[in-house]
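Protein chains in written order, with our numbering: chain Y, -18 to 137; chain P, 79 to 382. For each residue, glycine too, the CB sits at the ideal point set by N, CA and C.
Put into structure tokens, the structure is as follows:
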């Protein structure tokens, strides 16, 4: 691995920019994600920045059990994030659809629609758990940047 | 100024080689000051550098035709203009310069804003267009005071040459003009309370919504260089002329740092204003400055 690649790897690990997407969550996990940016947990120490546009983001943070109306939007937003990218599923809902299992308005769990890298279980998970998940996703992102997967990106 | 000194000033000092690390440093100070105001630890020292490198390594969406070409060109033009503006600053004494370089500096400082307006419209994003429209309105509002303040300094002291202006003793009118410029800088740099064009979370990221990867890295860099250029301009005009060049340089750096800190604290302490409030603020409240400054400049010219 040459110097430029090592620098790039290091930079990717230290500057994960997040895009937050709600796919029908009860707002519990969303509050906890915001709480991880507050002075008490201070995610900015890890270089985290919550971005307004998916085009700027590296890590897609998804909450909620993926309702039928949100399924298409999840795929669109996933396509809009530029590679290399990682996905963090926050809460039990995107992992298993949680208590809403067998509901007829759901098409979850999330990994039926897009590949998920890190699951952060909990209902809702604590902010420290979310930060740990984001840090792990940043490491995955750095590795993925150096060995890009064969089936890369479809742009919407 | 011959070609060699011009190139040296543009590329080495105070141009790109000095200005790019300075831009990252200013961006870090801005974020760190906000973090400390909120009792956080904040980003590590190298954060803007890591962000820049990371953005260079990202892919960009495929864009064809003239739109794609323009979207790649705007950030580069903005960076070039901002770097040129920094290169014109007379940081070192007897560094040359030419008659009328103040006018060129003002034009180069204006270019990044124009590039952002054009970039938002050429991205064809709804949020980009809203952001560009806001940026255009904002530019028209603050520029009246900003330009008139600088022009009145130059007109009252009979020169449009930056180095001569930096060496002339400061008059009370110049202090008033610097105050007016300081009021305009938050709007020029899109920081709170005038962060309307890039109003994050409100209109996504404004004109830069569709920009990704290296293009976004260039926008970040041009924003940092704008910081260096505008703060440097104020510091140049405010620093008293001292024959010891290292003392002058130290005062210059300290003053720039103080201005960045002041603006960051202002950004952390305020919330975003609505567009109509902002426009009303600049047209009604600060126009007094412009009128006072330009009339006193005319008065001083008539008297001398």
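At a cut-off of 8 Å between C-beta atoms, residue 23/Y counts as an interface residue with respect to chain P.
The criterion of a C-beta distance shorter than 8 Å is not satisfied by residue 258/P and residue 375/P.
The secondary-structure analysis by DSSP pairs residue 40/Y across a beta bridge with -1/Y, 67/Y. For the 8 Å CB-CB criterion, residue 2/Y and residue 42/Y form a contact. Note on geometry: alpha-carbon atoms of residue 331/P and residue 309/P lie some 10 Å from one another. Taking 8 Å as the CB threshold, residue 168/P stays off the interface with chain Y.
Contact between residue 57/Y and residue 86/Y is ruled out by a C-beta separation of about 19 Å, above the 8 Å threshold. Contact with chain Y is found for residue 131/P, since one of that chain's Cβ atoms lies less than 8 Å from the residue's Cβ.
A check of alpha carbon separations from residue 202/P across 271/P, 289/P, 226/P identifies 289/P as the nearest. Scanning the segment 86 to 136 of chain Y from its first residue to its last, the whole alpha helix (DSSP H) runs of 4-plus residues come out as 108 to 127. Not one beta carbon of chain P lies nearer than 8 Å to the beta carbon of residue 10/Y.
Between the segment 118 to 133 of chain P and the segment 290 to 298 of chain P, the count of Cβ pairs shorter than 8 Å is three or higher; the stretches touch. As DSSP reads the structure, residue 30/Y sits in a beta bridge with -2/Y. With contacts defined by Cβ atoms closer than 8 Å, residue 294/P and residue 286/P form a contacting pair. Those residues of the segment -12 to -1 of chain Y placed with their C-beta closer than 7 Å to a C-beta in chain P are -12, -11, -8, -7, -5, -4, ordered along the chain.
Distances from the alpha-carbon of residue 112/P to those of 141/P, 270/P, 360/P put 270/P closest. Each of 245/P, 224/P, 272/P was checked against the Cα of residue 256/P, and the nearest Cα belongs to 224/P. Contact annotation for residue 37/Y against chain P: 283, 290, 294 [CB-CB distance below 7 Å, chain order].
When Cβ-Cβ separations below 8 Å define contact, residue 104/Y makes no contact with chain P. By the Cβ test, the segment 107 to 124 of chain P is not in contact with the segment 148 to 166 of chain P, since fewer than three Cβ pairs between them sit closer than 8 Å.
By the neighbour-count criterion, in which a residue is buried when 16 or more other Cβ atoms sit within 10 angstroms of its Cβ, residue 98/Y is buried.
Counted as a single uninterrupted DSSP element, the alpha helix (DSSP H) harbouring residue 209/P occupies residues 204 to 234.
Between residue 0/Y and residue 38/Y, the gap from beta carbon to beta carbon is short of 8 Å. For residue 237/P, the secondary structure class from DSSP, reduced to helix, strand or coil, is coil.
Taking the beta carbon of residue 28/Y as reference, the chain P residues within 8 Å of it are 121, 122, 125, 128, 129, listed in sequence order.
Think of a sphere of 7 Å around the beta carbon of residue 34/Y: the chain P residues whose beta carbon falls inside it are 282, 283, 287, in chain order. If you check the CB distance, residue 6/Y and residue 45/Y come in under 8 Å.
In the structure shown, the three-state DSSP call for residue 48/Y is strand. DSSP places residue 7/Y outside both helix and strand once states are collapsed to three, so it counts as coil. Apart from the 5 residues on each side of it in sequence, residue 226/P sits with its Cβ closer than 7 Å to the Cβ of 368, 371, 372 in its chain, given in chain order.
DSSP places residue 74/Y inside the alpha helix (DSSP H), whose first and last residues are 73 to 77.
With respect to the 8 Å criterion, residue 243/P and residue 237/P are classified as neighbours on the basis of their beta carbons.
Between residue 112/Y and residue -9/Y, the C-beta gap is not smaller than 8 Å, which leaves the two residues out of contact.
For the C-beta of residue 20/Y, the chain P residues within less than 7 Å are, from N- to C-terminus, 116, 117, 118.
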